[in-house]
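The listed protein sequences correspond, in order, to chains A and B.
My numbering puts the first sequence at residues 5 to 491.
My numbering puts the second sequence at residues 4 to 492.
All remarks here apply to the structure that follows.
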Amino acid sequence: MSKITFGKYILDSLSIGMYSDPLMALREYIQNSTDSIDLLPKDTPQSVVEITVDGRNRSLEISDNGVGIPSRKVKSTLLNIGASEKDPINSRGFRGIGRLGGLGYCDTLVFITKSKGERTYTTCTWESRLLRQLINGRRSIDTYFLIDKATSVKRSAYSGLEKDHFFKVQMLNIHDSRNDLLNVPAIRSYLSQVAPAPFYPDFVSGKEIDRELLKHVPSYKNYNIVLNKEQIFKQYRSTVSLCRDSNDEIENIQFVELRDDTNMLAFGWLGNLNLFGTVNPTSGVDGIRLRCGNILLGNKDTLSALFKETRFNHYLVGELHTVDKRLIPNSRRDDFEDSAIKGKLFSEFIKEIGIPFSSKIRVLSKERGIDKERDNMGTLFKQASAVINHGYLSSHQRDRIVSHLNNVNGRHSAQEVQLAKQLIEEVSDAQDILSTQKIAKRTKAQVIDVLKMTLDILCTEIPPSTAANNLVSRLYRVITEKEHNED
Amino acid sequence: MKKRILLVEPAYKTKYPPLGLMKISTYHKMKGDEVVFVKGRNTDVQYQYWDRVYIGTLFTWTWKETVETIRFYTTTLFNYTGKCFVGGILASLLPDDLFNETGIQPIEGLLDNPRKIEQDDEIIIDELPPDYDILEQVESNSFKYANTDAYLGYASRGCIRKCEFCAVSTFEPKYIPYVDIKKLVTNIIDKSGEKQRLILMDNNVLASSRFDDIIDDIKELGFEKGATFGPTKRKRIVDFNQGLDARLLNERKMKRLAEIPLEPMRLAFDSISMKKTYVEAVRLANKYGQKEMSNYILYNFDDRPDDFYERMRINIDLNEEFRSTLTRTSIYSFPMRYIPLNAKHRYVDTGNQYWNNKFLRSVQVILNVMKGPVMPGKQFFLQAFGRDKDEFEAILSMPGEFIRNRLVSNWKDIDTIEGRWMPYVRDWMNGFHQLSSVEKELLVSAIATCDHKSVENQYVKANNGVKRLLEYHLEEDKIVAAAQIPRNE
């Protein structure tokens with residue numbers, strides 16, 4: 005058999021072409037950091053993953069004080085591809101490709117590491133700019149040659165303490181089309197939803213959820229992750245902001261177990277909301293989110309297809325953590341590898357959560373629709389009688405009420421239809437509120453006072469927008485011009 | 004290709020038009036781009052496509068509004084932060100905070116280098132004339148700038164001093180003694196027509212080695228003393244609106260300043276230690292016929308309430324003195340409260356132990372009545388700020404409602420200041436003046452934070468004299484309301 009070629013595009017597919025979002029590269033590095041922290045002896049104090057974004061120099065560093073890599077192993081660990089020595093059962097990563105995630109978004113990718121007891125640290129540099137040039141060039145080259153050309157490993161004397169241990173990733177001269185890797189708030193929002201960060205200390209239910217998750221999910225763990233000196237927390241709070249400018253409260257937590265005949269497949273929690281409406285998508289907590297090793301799998305919509313309508317997931321707040329080790333994330337980490345066990349998990353989810361909540365949300369939404377209609381009718385009749393008793397404010401208002409009353413038809417009760425008919429006549433006969441004699445008795449100053457109050461009301465009541473402001477200014481000009489003319 | 008450019012000034016109040024954005028407008032219009040200028044978070048432009056958004060920033064204490072404005076427009080840009088450029092004073096003073104909060108690395112300092120906003124040419128934007136046309140776009144949107152009928156510019160840049168309370172040394176670290184305003188003004192006339200006034204924002208023009216050239220330039224542009232403008236013969240006016248350095252004013256320079264229509268002439272009286280220099284400078288101005296002066300009085304920096312009073316009082320006494328001179332110079336005092344350069348809101352502790360929240364608020368209440376400046380009239384001043392330092396101290400400690408409602412309604416018919424006071428004010432003054440200095444300290448420590456709880460706590464412990472005054476603080480609303488009810492109703 006002739007020699008098989010591993011061409012240059014293999015590396016391309018595993019790094020530059022792998023992820024759709026540059027921030028996913030960060031997820032891979034944080035995953036490696038947490039795996040490395042897990043390997044520390046139990047009594048190790050304060051482990052931390054620190055991310056530093058430097059906008060002026062367009063660079064980013066992810067640094068952890070996990071076990072690091074001993075210098076003799078650096079070359080094999082950091083240059084080999086798809087050959088991780090990690091244990092697939094207990095580590096979050098195991099394929100040996102995640103560290104390539106940053107290659108597509110910077111000119112130079114540097115790994116610096118030291119393990120405990122060594123007097124040296126090792127620097128492994130990937131010239132990613134050169135790498136991309138070689139891949140995009142016309143020459144056909146194989147992966148081995150490519151890596152040999154674009155990387156270097158250097159060992160240096162370490163001036164700090166011998167017992168120190170760390171791993172740092174540096175992305176230098178970053179360029180991603182949206183600047184996301186240099187956008188601190190965007191990174192913070194992403195990590196707070198994806199990374200294995202703790203709940204906010206002031207999220208009341210957080211402690212209870214932590215307790216239950218620790219009991220049922222062996223891989224559940226939180227890490228101290230810090231971005232430009234500020235710790236990252238999952239964004240759950242007791243008050244949940246909904247889409248239509250209203251809030252709901254998480255007062256109780258419902259826990260869910262999804263099992264096959266013998267094993268627990270996944271364990272999760274749901275905040276018991278009133279299901280008034282969808283949760284605000286910018287809050288970073290909408291939908292039940294699937295997590296594996298406490299890292300988000302896919303995105304917030306990974307489970308949405310398991311509801312009758314995808315939008316129903318957005319009425320809920322909660323997390324589902326995988327328990328069964330046979331549920332293995334795929335290499336892009338946007339789903340599980342296909343397997344019978346995955347099928348089982350998703351069917352269980354549909355049965356326990358997807359269908360019950362879909363129907364509950366639908367029923368509630370229908371009821372709200374009926375209530376609303378009833379309220380609308382009530383308001384309409386009230387407005388109509390106000391116009392009849394006191395006169396109308398503008399002919400536009402009168403016509404609008406009449407046209408609404410005309411719409412009362414067979415859908416409504418016979419009594420309502422009858423009342424509407426009667427009101428239409430009376431409203432049509434109603435008088436202009438300003439044409440009544442009362443107004444003529446007022447002095448000019450009183451009229452101006454009324455106008456001033458009107459403007460006040462407009463300014464405070466209408467939502468601020470340019471159109472509204474323009475309207476008020478126009479009214480104001482009309483009034484002041486009038487005032488001046490009369491002076 | 005023609006680009007769509009959006010310029011934004013966050014929705015804070017400003018007197019002066021945004022010069023930086025106006026220059027950027029000129030630049031983009033030179034390139035044939037379409038430029039739109041808006042004030043604040045404008046929902047109408049949100050649904051339009053923009054190639055670039057420029058956001059100007061000003062005082063650091065507008066932090067919250069500024070950050071929200073930047074967030075609003077990054078959302079408008081679908082989070083393409085690379086298309087959003089943030090610059091100006093706040094951005095230059097708090098670049099790292101802004102970066103962490105908004106994801107945008109701001110442009111620091113002046114636009115004096117084409118690389119700063121990734122230009123594909125070598126044009127220095129800072130040297131371009133401002134585009135006045137964009138101001139009209141905003142004015143139709145219910146916000147109006149003052150000072151638009153003026154050439155706005157600089158005849159020098161930076162400052163030779165490094166005062167701790169001032170941002171200029173950070174923002175413009177290099178002192179440039181001469182900038183050609185003739186070129187600027189000619190360009191403005193070409194683009195936007197003639198203007199009545201010349202506003203020069205020089206930070207220290209008296210330090211310029213080319214001061215004489217600058218005065219010559221100003222005169223050459225038609226801004227000579229007594230000059231008029233247009234068919235209606237409006238007066239030409241020159242304003243160095245950042246003030247002049249009294250330490251550098253001498254007879255020769257004053258003589259030259261007297262050749263141009265300075266209206267007003269502005270000096271700073273930042274510290275009582277400058278008293279001699281300051282008074283000499285003002286006398287010099289008077290000698291050379293300067294009619295209007297408007298002088299900045301910094302407080303809450305390293306000063307004390309009593310020297311703040313003294314500095315204003317010096318101006319009042321000088322006004323009296325000048326009434327008998329030929330020029331009749333009148334000085335308006337402009338108290339300016341010090342806010343630290345990195346303060347993200349208006350009320351932060353500056354570490355000044357002589358001022359406290361209550362005193363600062365009291366000054367604000369007094370100033371609100373006058374809408375900013377302190378008038379030159381002596382009687383008016385004595386009534387507002389007190390007849391001496393002790394009375395000023397008593398007013399500062401007074402409940403806010405008392406300060407606001409100090410006078411009886413027919414006060415104009417009454418001659419003495421005491422006679423004009425409401426009865427509760429008279430009671431307060433008597434009570435206050437009877438306190439020993441230790442008791443006064445107790446009183447001040449109770450009211451310093453403007454917190455009702457703290458007054459209540461001290462009230463329990465206090466002796467009778469202090470107790471009575473604290474009672475006024477606890478009951479101020481009731482006392483004032485009761486006294487306001489006319490007897491005949």
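Think of the CB as a built atom: it goes at the ideal place given N, C-alpha and C, for glycine as much as any other residue.
Note that this is a predicted model, so its numbers are computed, not measured.
Cβ of G72 of chain A less than 9 Å from any chain B Cβ?
Output row for G72 of chain A: interface = no.
Can you find a CB in chain B that lies within less than 9 Å of the CB of D379 of chain A?
For D379 of chain A, the answer is no, since every Cβ of chain B falls outside 9 Å of its Cβ.
Assess, as a yes-or-no matter, whether the segment 308-328 of chain B is touched by the segment 281-291 of chain B under the definition of 3 or more beta carbon pairs within less than 8 Å.
Note that the segment 281-291 of chain B touches the segment 308-328 of chain B; at least 3 beta-carbon pairs, one per stretch, sit closer than 8 Å.
Cα-Cα separation, S40 of chain A to P49 of chain A:
Annotation: S40 of chain A to P49 of chain A spans about 14 Å, alpha carbon to alpha carbon.
What is the residue span of the alpha helix (DSSP H) that I461 of chain A lies within?
That run of the alpha helix (DSSP H) goes 448-465.
Counting Cβ pairs closer than 8 Å, one from the segment 148-159 of chain B and one from the segment 48-68 of chain B, do we hit at least three?
Touching, no.
In angstroms, rounded to a whole number, what distance separates the CA positions of L260 of chain B and F384 of chain B?
Linking L260 of chain B to F384 of chain B through their CA atoms gives a straight-line distance of about 29 Å.
Between the segment 73-101 of chain B and chain A, which residues of the former have CB atoms less than 7 Å from a CB of the latter, in chain order?
Residues of the segment 73-101 of chain B with a Cβ closer than 7 Å to any Cβ of chain A, in chain order: N82, Y83, T84, G85.
Could you check whether the segment 102-122 of chain B touches the segment 181-188 of chain A, counting it as contact only if at least three pairs of C-beta atoms, one from each stretch, sit closer than 8 Å?
By the criterion of at least three beta-carbon pairs nearer than 8 Å, the segment 102-122 of chain B is in contact with the segment 181-188 of chain A.
Of the residues A:M28, A:S51, A:L274, A:P74, which one's Cα is nearest the Cα of I229 of chain A?
For the residues A:M28, A:S51, A:L274, A:P74, the minimum Cα distance to I229 of chain A belongs to A:S51.
Could you have a look at E283 of chain B and say whether DSSP puts it in helix, strand or coil?
It is helical.
Mind checking whether L320 of chain A and F280 of chain A have CB atoms under 9 Å apart?
Taking 9 Å as the Cβ cut-off, L320 of chain A and F280 of chain A do not qualify as a contacting pair.
At 7 Å on the CB atoms, spell out the chain B contacts of R3 of chain A, in chain order.
Here chain A covers residues 5 to 491 and nothing more, so residue 3 of chain A does not appear.
When DSSP labels each residue in this structure, what does S17 of chain A get in the three-state scheme?
Residue state for S17 of chain A is assigned as helix, using DSSP reduced to three classes.
Three or more beta-carbon pairs under 8 Å between the segment 340-355 of chain A and the segment 396-413 of chain A, yes or no?
With a cut-off of 8 Å, the segment 396-413 of chain A and the segment 340-355 of chain A do not count as touching, because too few Cβ pairs lie within range.
For V78 of chain A, I'd like the list of residues in its chain whose CB is within less than 7 Å of its CB, leaving aside the five on either flank, ordered along the chain.
The beta carbon of V78 of chain A sits closer than 7 Å to the beta carbons of T117, T126, C128, V157 from its chain, once the five residues preceding and following it are set aside; these are given in chain order.
Write down every uninterrupted run of the beta strand (DSSP E) in the segment 330-358 of chain B whose length is 3 residues or greater and which is fully enclosed by it, in chain order.
Within the segment 330-358 of chain B, the runs of beta strand (DSSP E) at least 3 residues long that lie entirely inside it are, in chain order, 333-340.
Which of the three DSSP states, helix, strand or coil, is assigned to Q174 of chain A?
Secondary structure at Q174 of chain A: strand, using DSSP grouped into helix, strand and coil.
Chain-ordered neighbours of P189 of chain A on chain E, where CB pairs are closer than 7 Å:
Within the model displayed, chain E is absent; protein chains A and B are what it includes.
Does the distance from the CB of H318 of chain A to the CB of L217 of chain A come in under 9 Å?
With respect to the 9 Å criterion, H318 of chain A and L217 of chain A are not classified as neighbours on the basis of their beta carbons.
Indicate whether the contact test is met: 3 or more Cβ pairs, each with one atom in the segment 189-199 of chain B and one in the segment 128-141 of chain B, closer than 8 Å.
A contact exists between the segment 189-199 of chain B and the segment 128-141 of chain B.
According to DSSP, residues forming a beta bridge with E234 of chain A
DSSP links E234 of chain A through a beta bridge to A:L231.
Please report whether the beta-carbon of D47 of chain B lies at a distance below 9 Å from any beta-carbon of chain A.
Taking Cβ atoms only, chain A reaches closer than 9 Å to D47 of chain B, which makes this a yes.
Would you check if the distance between the CB atom of A3 of chain B and the CB atom of N460 of chain B is smaller than 9 Å?
Residue 3 of chain B is absent from the structure shown; chain B starts at 4 and stops at 492.
Which residue comes first and which comes last in the beta strand (DSSP E) that contains D1 of chain A?
Nothing can be reported for residue 1 of chain A: it is not among the residues displayed for chain A, which extend from 5 to 491.
Below-9 Å beta-carbon distance, D47 of chain A vs any chain B residue:
Not closer than 9 Å to any Cβ of chain B, the Cβ of D47 of chain A fails to qualify, so no.
For a contact meaning CB atoms closer than 8 Å, what does N232 of chain A contact in chain B?
Going along chain B in sequence order, the residues near N232 of chain A (Cβ under 8 Å) are N103.
Cβ of S181 of chain A within 9 Å of any chain B Cβ:
For S181 of chain A, a Cβ of chain B is located within less than 9 Å of the residue's own Cβ.
Report yes or no: is there a C-beta of chain B within less than 9 Å of the C-beta of A29 of chain A?
Not an interface residue.
Helix or strand or just coil, what does DSSP make of E459 of chain B?
For E459 of chain B, the three-state secondary structure derived from DSSP is helix.
Please go through the segment 136-222 of chain A and give each complete alpha helix (DSSP H) segment of 4 or more residues, from N-terminal end onward.
Segments of the alpha helix (DSSP H) lying fully in the segment 136-222 of chain A: 147-154, 188-198, 210-220.
Return the chain-ordered ranges of every beta strand (DSSP E) run that is complete within the segment 48-98 of chain B and spans a minimum of 3 residues.
Within the segment 48-98 of chain B, the complete beta strand (DSSP E) runs of at least 3 residues are 55-60, 87-91.
Segment contact, 8 Å Cβ cut-off, at least three pairs: the segment 54-64 of chain B with the segment 154-163 of chain B:
Result no; under three Cβ-Cβ pairs closer than 8 Å.
Sequence-distant residues of its chain with Cβ nearer than 6 Å to R336 of chain A (five each side left out)
Exclusion of the five residues before and after R336 of chain A leaves no residue of its chain whose Cβ lies closer than 6 Å to its Cβ.
Looking only at its chain, what residues have a beta carbon closer than 6 Å to the beta carbon of T72 of chain B, apart from the 5 residues adjacent to it on each side?
If we look at T72 of chain B and ignore the five residues flanking it on each side, its Cβ neighbours are P13, R44.
Do the segment 105-112 of chain A and the segment 173-181 of chain A meet, that is, are 3 or more Cβ pairs less than 8 Å apart?
Cβ pair count under 8 Å is three or more, so yes.
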